[in-house]
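*Asks:* Each position in the sequence shown, counted from 1, maps to that position plus 28 in this note's numbering. Attaching a single structure in structure tokens format; questions to follow.
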Amino acid sequence: MKIDHQVDIKPFTTFGISEPVQDFVSLEHVNELIAFLNTESLNEKKHLILGGGSNLLFVKPFDGLVISPKIMGIEMTTESENKVVVCAGAGEVWDDFVKYCVDNKFWGIENLSLIPGTVGAAPVQNIGAYGVEAQDAIFSVEAVNRFDGTIKTFEKADCQFGYRDSIFKQTEAWIVTRVFFELSKIAHPQLSYEPLKQRFTNLIDVQIEEIRQAVIQIRQSKLPDPKEVGNAGSFFKNPVIDLHDFNRLQAEYPNMPLHLVDIDKAKIPAAWLIDQAGWKGYRKGEAGVHPNQALVLINYGAAKGHEILELSKSIEQSVLDKFGIVLEREVIVVS
Ligand code: EPU
Numbered sequence: 029m030k031i032d033h034q035v036d037i038k039p040f041t042t043f044g045i046s047e048p049v050q051d052f053v054s055l056e057h058v059n060e061l062i063a064f065l066n067t068e069s070l071n072e073k074k075h076l077i078l079g080g081g082s083n084l085l086f087v088k089p090f091d092g093l094v095i096s097p098k099i100m101g102i103e104m105t106t107e108s109e110n111k112v113v114v115c116a117g118a119g120e121v122w123d124d125f126v127k128y129c130v131d132n133k134f135w136g137i138e139n140l141s142l143i144p145g146t147v148g149a150a151p152v153q154n155i156g157a158y159g160v161e162a163q164d165a166i167f168s169v170e171a172v173n174r175f176d177g178t179i180k181t182f183e184k185a186d187c188q189f190g191y192r193d194s195i196f197k198q199t200e201a202w203i204v205t206r207v208f209f210e211l212s213k214i215a216h217p218q219l220s221y222e223p224l225k226q227r228f229t230n231l232i233d234v235q236i237e238e239i240r241q242a243v244i245q246i247r248q249s250k251l252p253d254p255k256e257v258g259n260a261g262s263f264f265k266n267p268v269i270d271l272h273d274f275n276r277l278q279a280e281y282p283n284m285p286l287h288l289v290d291i292d293k294a295k296i297p298a299a300w301l302i303d304q305a306g307w308k309g310y311r312k313g314e315a316g317v318h319p320n321q322a323l324v325l326i327n328y329g330a331a332k333g334h335e336i337l338e339l340s341k342s343i344e345q346s347v348l349d350k351f352g353i354v355l356e357r358e359v360i361v362v363s
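Right, dumping it as structure tokens:
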């Protein structure tokens, strides 16, 4: 293993923002990662675990260590009449893994096609789109404790999955090394998300490949490709508010969309709030708000991290002023 110094983080994040990183190490095997953790005392060192870099915003030079777990490999571990369990290394590109499952007609994660990032980041964030979350298919997660190098398998129930949340995000003690997914060999189309359902005239005999292609088309029509325009997908989470606050707001804004998450709680699309506050398509210098999806902040080329951060703070303030709703970042700011 080799530690590189003063590495530009730009090619490793989807925002495409340059900042130097003091130390950078890439580890390809679980044993190599454990050996590394046994020699480094991470509890005394500023550090960061890098996945696909699709959820990070560097706002200044990083004077610490970036660890990039590049554990690869996809293999079926068990198979029964109706189900399979497939194990994927944390370093695999998420969409390559989705494609492998779709090609093999293993149902469960096809709605999560084209999400940027790695397999290792999927349980951390509990990535989700078009009516499916990673937790719906995750069977267990293997992770290494970054402070003492011990390895542990978390059963699904131990992962404490929530909306864009998990134990791996809350405690920051664990580095995900491999993820086990339980997938169905029997057709299981999940078409509850209306804009996806609308793409199918006939809901009988829907093929897994058709769902993947429909999701890819929807994403490509709304979300910018990070290879072309720097971005990190949704910059904010969709806020959850009390239903009585929603009712009060709806009297003023009758078109305000909602999604009930509990008997007394509603999730409001942050994109709608930001759009209504007038930000869609806004641009200042090299930082902006995507013209087709107000939840995505973009780097037009040479933006600095702090410009994106300042823009995000202005958006937060204006949504708070207009609606009294606090937006919470989905993107992690690294400083
Ligand atoms: N809307 C607007 N203006 C916009 C965009 C959307 O008013 O500029 C409205 C739409 O009309 C719709 C609502 O906002 O009523 C929701 O929009 P959309 O269905 O596009 O989904 P979202 O809530 O903005 C979430 C996830 C996405 C995921 C999509 C599809 C979060 C924070 N975002 O977005 O995830 O792809 O649903 O399921 O939960 C990501 O996390 O990076 C991400 C892209």
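Note that beta-carbon positions come from the ideal geometry of N, C-alpha and C, so glycine has one too.
#1: Report the three-state DSSP secondary structure of T105 (helix, strand or coil).
#2: Mind checking whether the beta-carbon of P297 lies closer than 6 Å to any heavy atom of ligand 1?
#3: Could you tell me which residues DSSP puts in a beta bridge with R364?
#4: Please identify the residue among G119, K180, D193 whose C-alpha is closest to the C-alpha of P151.
#5: So, using beta-carbon positions, are I360 and L84 closer together than 7 Å?
#6: With a threshold of 16 other CB atoms inside 10 Å of the CB of T229, please say whether the residue is buried or exposed.
#7: Can you tell me whether DSSP reads T67 as helix, strand or coil?
#8: Sorted by chain position, which residues of the same chain lie with C-beta nearer than 6 Å to T105's C-beta, five sequence neighbours on each side aside?
#9: For V113, write down the residues that DSSP places opposite it in a beta bridge.
#10: If you draw a straight line from the alpha carbon of V169 to that of N283, how long is it in whole angstroms?
#11: According to DSSP, simplified to helix, strand and coil, what is V347?
#12: Under the DSSP definition of a beta bridge, which residues are partnered with F125?
#13: Going by the beta-carbon positions, is the gap between I99 and G117 smaller than 7 Å?
#14: What do you reckon, are the CB atoms on I244 and L348 nearer than 7 Å?
#15: Do you know how far the Cα of V130 is from the Cα of E183?
#16: So, are the CB atoms of S54 and S82 less than 7 Å apart?
#17: Does DSSP classify L323 as helix, strand or coil?
#18: Compute the minimum distance between the beta carbon of W300 and the heavy atoms of ligand 1, and state whether it is under 6 Å.
#19: Taking Cβ to Cβ, would you say N154 is nearer than 7 Å to F196?
#20: Check this for me: beta carbons of V87 and G333, under 7 Å apart or not?
#21: List the whole-angstrom C-beta distance separating W300 from P285, where the pair is believed to meet the contact cut-off of C-beta under 8 Å.
#22: Report yes or no: do the region 68-77 and the region 162-179 share at least 3 C-beta pairs separated by less than 8 Å?
#23: Here's a check: name, in chain order, each residue in its chain whose Cβ is nearer than 8 Å to the Cβ of L224, leaving out the five neighbours to either side.
#24: Leaving out five residues on either side along the sequence, give the residues of the same chain with a beta carbon under 6 Å from the beta carbon of K350.
#25: Report the rounded CA-to-CA distance for A201 versus D32, giving the unit in angstroms.
#26: Any idea if I37 is buried or exposed, counting beta-carbon neighbours within 10 angstroms, 16 or more meaning buried?
#27: Tell me the residue span of the beta strand (DSSP E) that contains Q374.
#28: Considering only DSSP beta bridges, list what H287 is partnered with.
#29: Over what stretch of residues does the beta strand (DSSP E) that includes P97 continue unbroken?
#30: From the DSSP output, in three-state form, read off H334 for me.
#31: Tell me whether the beta-carbon of K133 lies closer than 7 Å to the beta-carbon of E210.
#32: Any chance the CB of A285 is under 6 Å from a heavy atom of ligand 1?
*Replies:* In this structure, then:
#1: When secondary structure is reduced to three states using DSSP, T105 falls in the strand class.
#2: At least one heavy atom of ligand 1 is nearer than 6 Å to the Cβ of P297, so yes.
#3: Absent from the structure is residue 364, since the part of the chain shown begins at 29 and ends at 363.
#4: Of G119, K180, D193, the smallest CA-CA separation from P151 is found for D193.
#5: For I360 and L84, yes; Cβs fall inside 7 Å.
#6: Classification of T229: exposed, given that the 10 Å Cβ count is below 16.
#7: In the structure shown, T67 sits in a helix (DSSP, three-state: H, G or I).
#8: Counting only Cβ-Cβ distances below 6 Å, and skipping sequence neighbours, we find V113, C115.
#9: Under DSSP, the beta-bridge partners assigned to V113 are T106, E210.
#10: When rounded, the distance between both Cα atoms is 41 Å.
#11: It is helical.
#12: Bridge partners of F125: none, in fact.
#13: It is a contact, given that the beta carbons lie within the stated cut-off.
#14: In this structure, I244 sits away from L348, with a CB-CB distance that is not shorter than 7 Å.
#15: Those two C-alpha atoms are separated by around 24 Å.
#16: Contact flag unset, no.
#17: DSSP places L323 outside both helix and strand once states are collapsed to three, so it counts as coil.
#18: The answer is yes for W300.
#19: The answer is no: Cβ separation not under 7 Å.
#20: Their beta carbons are under 7 Å apart, which means V87 touches G333 by this criterion.
#21: With a Cβ gap of about 6 Å, W300 and P285 count as contacting.
#22: By the Cβ test, the region 68-77 is in contact with the region 162-179, since at least three Cβ pairs between them sit closer than 8 Å.
#23: The answer, listed in chain order, is N139, Y158, G159, I239, A242, V243, I246.
#24: Cβ within range, chain order: A305.
#25: A direct Cα-to-Cα measurement between A201 and D32 gives close to 24 Å.
#26: Per the 10 Å Cβ criterion, buried.
#27: As shown, the chain starts at 29 and ends at 363. That puts residue 374 outside it, with no answer to give.
#28: Per DSSP, K295.
#29: For P97, the uninterrupted beta strand (DSSP E) run begins and ends at 90-97, by DSSP.
#30: In this structure, H334 counts as helix in the three-state DSSP scheme.
#31: Cβ distance not < 7 Å, so K133 and E210 don't count as in contact.
#32: Note that residue 285 is Pro in the sequence shown, not Ala. Yes - ligand 1 has a heavy atom lying nearer than 6 Å to the Cβ of P285.
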